[in-house]
Amino acid sequence: MTPAPDPARYDLDALRTRLLPERGGDVDDSIPQLAAADPDLCALAIALPDGTVRRSRDADVPFSIQSAVKPFLFALALADTDGDALDRVGIEPTGESFDAIKLESGTGRPPNPMVNAGALLTASLVEGGDPDERAGRIARGLAAFAGRELDVDEDVAHNEHLLGDRNHALAHLMRAEGTLAVSADDAVAVYARACATLVDAATLAVMGATLALGGVNPCTGDRVIPERVARDVVSVMATCGVYDGSGRWMRAVGIPAKSSVSGAIVLSAPGRLGAATVSPPLDAQGTSVRGHRASEVLSEELDLHSFATR
Ligand code: GLN
Numbered sequence: 039m040t041p042a043p044d045p046a047r048y049d050l051d052a053l054r055t056r057l058l059p060e061r062g063g064d065v066d067d068s069i070p071q072l073a074a075a076d077p078d079l080c081a082l083a084i085a086l087p088d089g090t091v092r093r094s095r096d097a098d099v100p101f102s103i104q105s106a107v108k109p110f111l112f113a114l115a116l117a118d119t120d121g122d123a124l125d126r127v128g129i130e131p132t133g134e135s136f137d138a139i140k141l142e143s144g145t146g147r148p149p150n151p152m153v154n155a156g157a158l159l160t161a162s163l164v165e166g167g168d169p170d171e172r173a174g175r176i177a178r179g180l181a182a183f184a185g186r187e188l189d190v191d192e193d194v195a196h197n198e199h200l201l202g203d204r205n206h207a208l209a210h211l212m213r214a215e216g217t218l219a220v221s222a223d224d225a226v227a228v229y230a231r232a233c234a235t236l237v238d239a240a241t242l243a244v245m246g247a248t249l250a251l252g253g254v255n256p257c258t259g260d261r262v263i264p265e266r267v268a269r270d271v272v273s274v275m276a277t278c279g280v281y282d283g284s285g286r287w288m289r290a291v292g293i294p295a296k297s298s299v300s301g302a303i304v305l306s307a308p309g310r311l312g313a314a315t316v317s318p319p320l321d322a323q324g325t326s327v328r329g330h331r332a333s334e335v336l337s338e339e340l341d342l343h344s345f346a347t348r
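Residues 39 to 348 in our numbering are what the sequence shown spells out, letter by letter.
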């Protein structure tokens with residue numbers, strides 16, 4: 039039996055160089071700021087239980103977190119409602135795109151917290167009496183996951199709010215079903231701001247590690263969320279994190295993860311490490327093409343597949 043490879047010695051720049059020639063996928067064009075992303079940006083990082091963060095070149099280049107924020111919104115909603123958020127949002131995969139205009143039949147709840155309907159709802163459940171307070175709580179919570187203050191790209195937040203017609207539609211639908219307690223516009227504004235939070239690959243890897251390591255940030259040592267919340271969130275990342283590509287992802291990569299339209303992927307390998315990749319060109323499911331490939335290679339070469347028995 040070969041010894042398990044050591045992630046502390048893994049050459050992320052060599053992997054980055056292998057990925058760069060891959061030219062598949064298209065950059066998202068839902069808002070001008072995302073359409074302007076550099077298709078050749080490519081970065082990887084891993085964060086380990088001892089607080090070491092390994093980075094490839096460009097792992098400090100900022101981008102908006104977009105849907106990679108969804109696991110963290112779910113975590114904050116669970117923590118702030120003492121688990122009651124699980125009564126308000128489903129946890130079944132949809133097999134449909136991230137912004138499908140569809141709620142759970144019978145209950146009118148969002149199908150899961152990893153699609154837009156679910157994240158609009160979980161963002162509305164974090165503590166705070168008005169949208170500013172909720173946005174503030176989310177900013178502080180994300181900072182605790184990251185181990186540092188995070189800026190918001192105000193232009194991205196503005197355009198996500200202004201141009202997110204499907205998100206407005208989903209919020210209104212949840213209002214009509216009685217499952218969203220705040221106004222539709224407030225829900226979209228707070229969610230849009232969360233999506234516009236700026237991270238880089240290294241920071242996102244630390245955030246993923248905090249989930250993977252039971253809710254304690256390995257760099258600061260702070261407990262950010264209860265262990266049970268971390269377990270719940272990582273479980274739902276495993277089943278729903280890559281939308282209608284979640285089944286294929288789990289087979290090929292085998293690491294709970296969340297994709298996003300900025301081309302970022304956050305990965306949480308339970309008990310092992312957090313990782314993040316960023317490369318803007320996306321496949322048909324909205325998953326970064328290079329990020330998917332990078333995740334497969336990391337899974338294989340660092341022995342991270344959840345169901346591998348070696
Ligand atoms: N801000 C985007 C939206 O709500 C996030 C979607 C995504 O990253 N898949 O449309």
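By construction, the Cβ of each residue, glycine as well, lies at the ideal position given by its N, Cα and C atoms.
| Check | Outcome |
| --- | --- |
| Within the segment 105-165, ranges of the alpha helix (DSSP H) (whole runs, at least 4 residues) | 108-118, 123-126, 154-163 |
| Distance cut-off 7 Å: E192 Cβ against heavy atoms of the ligand GLN | no |
| Neighbourhood of R147 by C-beta distance below 7 Å, restricted to the same chain and skipping five residues each side | R126, V127, G128, L141, T217 |
| Counted within 10 angstroms of its Cβ, other Cβ atoms place R328 as buried (16 or more) or exposed | buried |
| Check: G202 C-beta below 7 Å from any heavy atom of the ligand GLN | yes |
| Backbone secondary structure at V220 - three-state DSSP | coil |
| Backbone CA spacing between D223 and N197 [nearest angstrom] | 14 Å |
| Proximity test, G324 beta-carbon vs the ligand GLN heavy atom, cut-off 7 Å | yes |
| DSSP three-state assignment for I263, whether helix, strand or coil | coil |
| The ligand GLN heavy atom lying under 7 Å from the CB of Q104 | yes |
| Uninterrupted alpha helix (DSSP H) stretches inside the segment 263-289 (no shorter than 4 residues) | 265-278 |
| Where I84 falls: helix, strand or coil (DSSP) | strand |
| Short Cβ contact (8 Å threshold) for R54 with S105 | no |
| Touching by the beta-carbon criterion (3+ pairs, under 8 Å), the segment 330-345 and the segment 259-273 | no |
| beta-carbon V220 near the ligand GLN non-hydrogen atom, thresh 7 Å | no |
| N-terminal and C-terminal residue of the alpha helix (DSSP H) that L57 is part of | 50-57 |
| Closest Cα partner of A240 within the set D49, P149, R92, D67 | R92 |
| Exposure label - F345; buried when at least 16 CB within 10 Å | exposed |
| Alpha-carbon spacing of D66 relative to E165, whole angstroms | 32 Å |
| Those residues which DSSP pairs with F101 across a bridge | V237 |
| CA-to-CA distance, L311 to A85, given in whole angstroms | 6 Å |
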